[in-house]
Amino acid sequence: MNSAASEPALIGIDWGTSTLRAFLIGAGGEVLDKVASAEGIMHVADRDFEAVFDRLIGPWSQRARLPVLASGMITSRNGWIETPYARVPLDARALASALVHHRTANGTDLYFVTGVTTDHASGPDVMRGEETQIIGAQAFGMSDGTFVMPGTHSKWIRMSGGRIEDFATYMTGEVFAALKGHTILGTLMEDGPHAPEGYARGVSAGLAKGSSLLHDLFHVRTLPLMGQMEGGAVADFLSGLLIGAEINAARARGDATGPVTIIGRSDLADRYQTALTAAGLQSRRAPDDIVAMGHFLIAQAAGMIA
38 MNSAASEPAL IGIDWGTSTL RAFLIGAGGE VLDKVASAEG IMHVADRDFE
88 AVFDRLIGPW SQRARLPVLA SGMITSRNGW IETPYARVPL DARALASALV
138 HHRTANGTDL YFVTGVTTDH ASGPDVMRGE ETQIIGAQAF GMSDGTFVMP
188 GTHSKWIRMS GGRIEDFATY MTGEVFAALK GHTILGTLME DGPHAPEGYA
238 RGVSAGLAKG SSLLHDLFHV RTLPLMGQME GGAVADFLSG LLIGAEINAA
288 RARGDATGPV TIIGRSDLAD RYQTALTAAG LQSRRAPDDI VAMGHFLIAQ
338 AAGMIA
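With our numbering, the residue at position 86 of the sequence shown is 123, and numbering never jumps.
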């Protein structure tokens, strides 16, 4: 942990499937201290979330009885407290009005941020955690436009005037892992450093007008099989193909308009920035720890802090 620089006003928790990040937040929204753990919701023994909270975050909350906001998959059916879904369009004030209260055994008050839902022609879409990050973006002059949040389930989100208008999910990361680990496409892949040429070739194929993902995927096998690609480049080709296809689908929906703001890990952000450039779209990156500012703005809208 880092040493605190000013008086704390809030604790924000971004508790996902695989990891947990907690932030001690100052009166101006600045991060004073933070802690990270691999104890995401799927890695908590006996689902004892309160024990993890008390051990990692309890010292902060007990020191000054600070308000605590939690977002992410901790609010899902597999988490600590399942919250309902609020419907778009919505902003920080709407999320603040939908907070779900919970008091721990030792008397600490927690407030859980609700999930968000929208409807498409083919069915509903949902997100948990991303809404808090997006709300935080407006503090950095990013209250309008298109945002992409790469990951297991990549999100494309449209914002206007600090309000989430609509979003769509693409299962790019999960499909990549499944195809690589559990199908014949992974059998000719070889471990190695990042292969930019293989990635660029995949992006180009995924972006191509009239491309067919289900057909193009078989090239992940045939290119190395016929000696037209080294085994060490195959995984990156698959990654590029899927991300290119994702951008094509987002563009068809009207989501992929520039500049696109990328929120996510630097390695994934690099891949998406390369692919967006290949698609002729401008992009920019959001600052780190943007979720902490989201917690701050929602707490402020709820009247928990000045």
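The C-beta atom is built at its ideal place from N, Cα and C for all residues, glycine as well. As the structure is a computational prediction, the values presented were derived from the model and not from experiment.
Task: Backbone secondary structure at glycine 218 - three-state DSSP - done: Residue 218 sits at position 181 when you count from the first residue of the sequence shown. Annotated three-state conformation of glycine 218 is helix, per DSSP.
Task: Per-residue DSSP class, three states only, for isoleucine 111 - done: Translated into positions along the sequence shown, residue 111 becomes position 74. Looking at isoleucine 111 - three-state DSSP - the assignment turns out to be helix.
Task: Assigned exposure category for glycine 66 - 16 Cβ within 10 Å defines buried - done: Within the sequence shown, residue 66 is the residue found at index 29, counting from 1. Classification of glycine 66: buried, given that the 10 Å Cβ count is 16 or more.
Open item on the list: I want to know whether the stretch 212-229 touches the stretch 319-335 - three or more CB-CB distances under 8 Å.
Closed with: At 8 Å Cβ cutoff, the stretches do not touch.
Open item on the list: Just verifying my parser: in three-state terms, what is the DSSP assignment at proline 126?
Closed with: On the sequence shown, residue 126 is found 89 positions in, with the first residue counted as 1. Taken through DSSP and simplified to helix, strand or coil, proline 126 comes out as coil.
Open item on the list: I need the straight-line Cα distance from alanine 41 to proline 96, nearest angstrom please.
Closed with: One-based indexing of the sequence shown puts residue 41 at position 4. One-based indexing of the sequence shown puts residue 96 at position 59. Interpretation of alanine 41 is limited by its pLDDT of 44, a score under 50 that renders its predicted location unreliable; the figure taken from the coordinates is listed afterwards. Roughly 13 Å between the two C-alpha positions.
TODO: Could you check the C-alpha separation between leucine 69 and glutamine 265 for me, to the nearest Å?
DONE: Within the sequence shown, residue 69 is the residue found at index 32, counting from 1. Within the sequence shown, residue 265 is the residue found at index 228, counting from 1. Their backbone Cα atoms lie some 52 Å apart in a straight line.
Task: Pair within 9 Å by beta-carbon distance, phenylalanine 149 and isoleucine 118 - done: As a first step, residue 149 must be located in the sequence shown, where it is residue number 112. As a first step, residue 118 must be located in the sequence shown, where it is residue number 81. Contact flag set, yes.
TODO: Could you tell me the distance, in whole angstroms, from the CA atom of valine 240 to the CA atom of aspartate 162?
DONE: Sequence index remark: in the sequence shown, residue 240 carries index 203 (1-based). Sequence index remark: in the sequence shown, residue 162 carries index 125 (1-based). The straight-line gap from Cα to Cα measures roughly 26 Å.
Task: Close beta carbons around arginine 140, own chain, < 8 Å, minus the five adjacent residues each side - done: Numbered from its first residue, the sequence shown carries residue 140 at position 103. Excluding residues within five positions, the ones whose Cβ falls inside 8 Å are Asp146 and Leu147.
Open item on the list: Tell me the DSSP secondary structure of serine 159 in three-state form.
Closed with: Residue numbering aside, residue 159 sits at position 122 when the sequence shown is read from its first letter. Coil at serine 159, not helix or strand.
Task: 8 Å CB neighbourhood of valine 125 in its chain, flanking five on each side removed - done: For the purposes of this step, residue 125 is identified with residue 88 of the sequence shown, where counting begins at 1. For valine 125, same chain residues with a beta-carbon under 8 Å away, outside a window of 5 residues either side, are Val153, Thr154, Thr155, Ile201, Glu202, Asp203 and Phe204 in chain order.
Open item on the list: Using CA atoms only, rank isn't needed, just tell me which of Ser98, Ala315, Leu250 and Asn115 is closest to proline 45.
Closed with: Taking the first residue of the sequence shown as 1, we reach residue 45 at position 8. That would be Ser98, whose Cα lies nearest to the Cα of proline 45.
Open item on the list: Would methionine 164 and aspartate 181 be called neighbours here (beta carbons separated by less than 9 Å)?
Closed with: As a first step, residue 164 is located in the sequence shown; it is residue number 127 there, counting from the start. As a first step, residue 181 is located in the sequence shown; it is residue number 144 there, counting from the start. Contact: no.
Open item on the list: Among Ala64, Pro324 and Ile50, whose alpha-carbon lies nearest the alpha-carbon of isoleucine 94?
Closed with: Here the question's residue 94 lines up with position 57 in the sequence shown. Measuring from the Cα of isoleucine 94, the nearest candidate turns out to be Ile50.
TODO: Might you give, ordered along the chain, the residues of its own chain that have their beta carbon closer than 7 Å to the beta carbon of proline 324, omitting 5 neighbours on each side?
DONE: By 1-based counting over the sequence shown, the position of residue 324 is 287. Within its own chain, the residues whose Cβ lies closer than 7 Å to the Cβ of proline 324, once the five positions on either side in sequence are excluded, are Phe177, listed in chain order.
Open item on the list: To the nearest angstrom, how far is the alpha carbon of alanine 343 from that of leucine 278?
Closed with: In the sequence shown, the residue the question calls residue 343 occupies position 306. In the sequence shown, the residue the question calls residue 278 occupies position 241. Rounded to whole angstroms, alanine 343 to leucine 278 spans 47 Å at the Cα level.
Open item on the list: Given this structure, state the Cα-to-Cα distance separating valine 271 from glycine 243, to the nearest angstrom.
Closed with: For the purposes of this step, residue 271 is identified with residue 234 of the sequence shown, where counting begins at 1. For the purposes of this step, residue 243 is identified with residue 206 of the sequence shown, where counting begins at 1. Cα to Cα, valine 271 sits roughly 14 Å from glycine 243.
- [ ] Would you decide whether glycine 340 is buried or exposed? Buried here means 16 or more other CB atoms lie within 10 Å of its CB.
- [x] Translated into positions along the sequence shown, residue 340 becomes position 303. So glycine 340 counts as exposed.
TODO: Have a look at arginine 100 and serine 108 and give me their C-alpha separation to the nearest angstrom.
DONE: The residue you call residue 100 lines up with position 63 of the sequence shown. The residue you call residue 108 lines up with position 71 of the sequence shown. Going from the Cα of arginine 100 to the Cα of serine 108 covers about 22 Å.
- [ ] Could you work out which residue in Leu106, Ser113 and Ala64 is closest to threonine 54 when comparing CA atoms only?
- [x] For the purposes of this step, residue 54 is taken as the residue at position 17 of the sequence shown. Nearest option by C-alpha distance: Ser113.
Task: threonine 183 beta carbon less than 9 Å from that of alanine 75 - done: Here the question's residue 75 lines up with position 38 in the sequence shown. Here the question's residue 183 lines up with position 146 in the sequence shown. Taking 9 Å as the Cβ cut-off, alanine 75 and threonine 183 do not qualify as a contacting pair.
TODO: Would you grab the beta carbon distance between leucine 334 and alanine 129 for me? Rounded to a whole angstrom, and I think it's under 8 Å.
DONE: Taking the sequence shown and counting its residues from 1, the one referred to as residue 334 is at position 297. Taking the sequence shown and counting its residues from 1, the one referred to as residue 129 is at position 92. For leucine 334 against alanine 129, the beta-carbon gap comes to about 5 Å, under 8 Å, which counts as contact.
- [ ] Can you grab the Cα-Cα spacing for the pair asparagine 39 / leucine 47, in whole Å?
- [x] On the sequence shown, position 2 is the one that residue 39 refers to. On the sequence shown, position 10 is the one that residue 47 refers to. Any reading at asparagine 39 needs caution, since the residue's pLDDT is 45, under 50, leaving its predicted position unreliable; the model's value is listed next. Cα-Cα distance, rounded: 16 Å.
TODO: Could you pull the start and end residues of the beta strand (DSSP E) that aspartate 273 belongs to?
DONE: Taking the first residue of the sequence shown as 1, we reach residue 273 at position 236. In the DSSP assignment, aspartate 273 falls outside any beta strand (DSSP E) and within the unbroken alpha helix (DSSP H) covering 271-290.
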